[in-house]
Each structure stands twice: as structure tokens, then as C-alpha cells.
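Undergrad: In the numbering used here, the protein residues as written are 105 to 585.
1) How big is the Cα-Cα spacing for residue 663 and residue 310?
2) Just checking residue 290 against the ligand COA - is the residue's beta carbon closer than 7 angstroms to any of the ligand's heavy atoms?
3) Kindly provide the ranges of any alpha helix (DSSP H) runs that are 4 or more residues long and lie completely inside the stretch 233 to 296, ordered along the chain.
4) Report yes if the CB atom of residue 461 is closer than 8 angstroms to the CB atom of residue 538, and no otherwise.
5) Looking at residue 361 and residue 447, is the spacing between their C-beta atoms short of 8 angstroms?
6) What is the DSSP secondary structure of residue 372, reduced to helix, strand or coil?
7) Can you tell which of 148, 120, 283, 410 has its C-alpha closest to the C-alpha of residue 112?
8) Between residue 404 and residue 299, what straight-line distance do the alpha-carbon atoms span, to the nearest angstrom?
9) Taking the Cβ atom as the reference point for each residue, do residue 269 and residue 292 lie within a distance shorter than 8 angstroms?
10) Cβ of residue 505 within 8 angstroms of Cβ of residue 557?
11) Compare the C-alpha of residue 121 against each of 139, 540, 463, 435 and name the closest.
12) Who are the Cβ neighbours of residue 432 in its own chain at under 8 angstroms, not counting the five residues just before and after it?
13) Taking the CB atoms as reference points, tell me whether residue 254 and residue 320 lie closer together than 8 angstroms.
14) If you follow the alpha helix (DSSP H) that residue 408 is part of, which residue opens it and which one closes it?
15) Under a three-way DSSP split, which group does residue 415 fall into?
16) Mind checking which residues open and close the beta strand (DSSP E) that includes residue 315?
17) Please say whether residue 364 and residue 419 have beta carbons closer to each other than 8 angstroms?
18) Helix, strand or coil: which one does DSSP assign to residue 534?
19) Can you grab the Cα-Cα spacing for the pair residue 114 / residue 132, in whole Å?
20) Taking a contact to mean a Cβ-Cβ separation below 8 angstroms, would you say residue 449 touches residue 503 in this structure?
21) Considering just the uninterrupted stretch of the beta strand (DSSP E) at residue 362, what are its terminal residues?
22) If you reduce the DSSP assignment to three classes, tell me which class residue 384 lands in.
23) Using 8 angstroms as the threshold, is the C-beta distance between residue 275 and residue 465 below it?
24) Which residues does DSSP list as the beta-bridge partners of residue 340?
25) In terms of residues, what are the limits of the alpha helix (DSSP H) holding residue 355?
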């Protein structure tokens, strides 16, 4: 790439251009007027190249060469058949800004373009295009639904709201701060609640709602080593709020209640050669997992007495753009080249990519066969910790630095440092058998793990790039449904 590819552009999607033309034709005030149109965000050439590679699940290979050398190369290339358009002038434009202000168009006929990130994501960047077509007719039912989503400002909730909006749903987003949904605009109705534990009457909020998605909860990253006080708070939020919300939903005539639980109700581990299914015994460890299981049992009781359809989904660790906690810390360690004593680890763990989870949640909202079911969900692949680190390192463009240490020694050292639970998750196996959800809903994860890791690393690189600030929507790639 000539120079550093810092020329800024605002690419416009063809659908946005067509929409602007139709709006201008229908507006009497636009006669004999001229308007500048631009895309929803400003990107450099380098950012666009990296974005496209990331969406394709490929590692971007961008290098910068001396401008004079590139001009000389362009002059030689331009004489070749079919490459006459590759000129020094064309390459020079990659360093120039070419941006418009579309404020006048927005004022006169409500021009509101989507970003390059969003429109690219909605195209066909998927290794498995057939997965999206399998249940297309079922997902079309979402257009008719009014859906209330708790935890809408969170990692999963934000992406789910974006997906539902794209499907034409009326979404009511329960969250602490309405600004968390500013990118979704007027398509989402924010329901701002600072403390769900203080809400004792949900009836007004549930009027005319068809489906409730309950994501809000006391998350396990904060609840791994709970004090007695924190454990009580975990129970209040995960059990008490769920009971009141579900009871009110049933009374209000809500047709279906989707509860996002956790694989942790089955315990923290599985045998290396065995997998967890919905039919095995439950061994919740700690207040978080126990509160999730208690909430599940309460929902089944409410379902049996009221007839409100209930669907329970148990995901493993969710990764994707916007991920936090241990997965984000692992990416930082790998990128910095910190030696990790994990080369001798021989385990297998299931994960689920954010896009895959949101896809199966959306399908569970409307699929007739989902009513009354409990689903364990995961990506197709399960990998060992060393394999995961190698995948991250490859996408980050660094060499993984792994060395072997006995697992027993690691656990001993971790116990001294108060990180025993973190090490256990890195060295133990937890394999999910997701056959039930795939057979029942005819579901296939739309993204492979390889693609999910690529997109996650791409988001990470944009968010933590120290060279320059990234556009807000690009930095919030977690919301790019």
C-alpha cells in the first residue's frame, strides 16, 4: 500500500443511495437542490482493507512501502494489459481525504446512512451461507414480534438487539443507560432501570409484549469467589428478578419467555472423552451456577401452571467482538508475547462465538419446536487451550510463546496467587454436545470458530490500536450485527 493508506473516505452503500434518491423525489423542497451524500462513518483505506479481511475470516496482510518506490512500480504496472488504471495518481488518492457532510440531506429528507461496518457485515461474509437459509422462513416470523430484552446494554444483549432490529422487530431494551443504545437510534425503545431488584411491578412494561428475553444477571466473572453479601446479591438478581419478571410476563399474556442460563449448571468440567448433554445430572458449583439452576426450576414451575412457553439456553464461554474478562486478558497476554506455561495442557473445551449465540437465541424466540426445551449450545469445534492460543497468535501476527509445566504445579502456584479458578478453566475439559438443539431446530452455527476468532481479533486490534483513534462504530465492532 502506498504511504500509510491514511486517506479518509466515507463509502456509501448502494441501498442507502437508492433510499436517498427515493426520499428526495418524494420531497417537494428538494427541487433544483444539490446534496452531498456520505456513508455513516469515516474510514481510512487501511481500515477498510483490514475490515474486509477480518469479515472474511482472513488475517490482513498490509505492508507500507516508500511512496516514490510505489509510484515507480505503478508506472511499470500500468503498461500491462488490463492494468492501465493503476497509476501513480490513483495510488496518491489513497493518501487524500475525500469526505462530505451530509447534514443538509439529513435535515431536508431525513437521510440517515448506515456505516460501512454494518452494511458489510450484512452482506455475505460467512463460511456457511446455507446455515442462514435453513430457517429463513421461521426467522421471518420475527417481523411480527414485540420483544422485551433485559440486559440489553451487555455484551450479548446489545448484539441481540441489533440483530432483532435488522429483522424488523419492535425491541424494548431494558438497560441502565439509554446512551448504550445510541447507535440503534429510534428503532429500539429504551426502558431505563437502574436496579432490576427494585422493580416489583413489570405489568406496564410488558403490555402487548409477545416475547421476553431475560439476559440480565449477576455475571460469573464477578461472582467466582463470592463473599456472603455478594452471594445474596447474586441470588436476588438471578433468582428474585427472574421470578417476578416471569410471573408478570405470564399474567400479561406473554407467549414465550427465553432465559439465558449457563453450562455451569452442569459443573465446571467434563471428562476428556465425554461431553455434556441436557440429560446428564446437574452439579452446579458456587452461588452463580446454583442461582441459575434455581431460576431454571422456577421458570419450569411457572410454565407448568400458566402455560407460558419457556425456552432455556445454556451457553459456554462466549467470545466475540466486545468480549471482556478472561478471554480479553488472554488475547492481551498472547499479543504481548508473555510466555505461558500451557504447552503441556491436554484438554478440550467448547466455546460459542457471539454471532452464533445470537443466531440460535433469535431462532429460539419463534421456532415452534423450541417451546418447553432446554438447549446446550456451542460452536462446531472444541479445542485445547494450546490450540486456542495458537489460533489467537496466528490472527494477531505474533509467535505463541508456550512452555510446559505440570498442571499440578500450575494449580499450586495459582492457589497461592488466588487464581485457582482461572487456571482450572485453562487446563480442564468442558465439552458440550449440542446435538439436541441442532436436531430440534435444524440449526447450524453460521460461523466457524476460525472465522469467529478472526473477527474477534480484528475487533481487538482496532480497539487497542495506539496509532490513532478509531471511529466509534468500528471500535464498537461488538455491536456490528
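Every residue gets a Cβ at the ideal spot worked out from N, C-alpha and C, and that includes glycine. Note that the structure is predicted; figures quoted are calculated from it, not measured.
TA: From the atom records:
1) The shown model of the chain, from 105 to 585, leaves out residue 663, and the question about it has no answer.
2) Among the components modelled here there is no ligand, and therefore nothing to report on the ligand COA.
3) 233 to 238, 240 to 243, 259 to 270
4) no
5) no
6) coil
7) 148
8) 25 angstroms
9) yes
10) no
11) 139
12) 564
13) yes
14) 390 to 410
15) strand
16) 315 to 318
17) yes
18) strand
19) 27 angstroms
20) no
21) 360 to 364
22) coil
23) no
24) Beta-bridge pairing links residue 340 to no other residue.
25) 346 to 355
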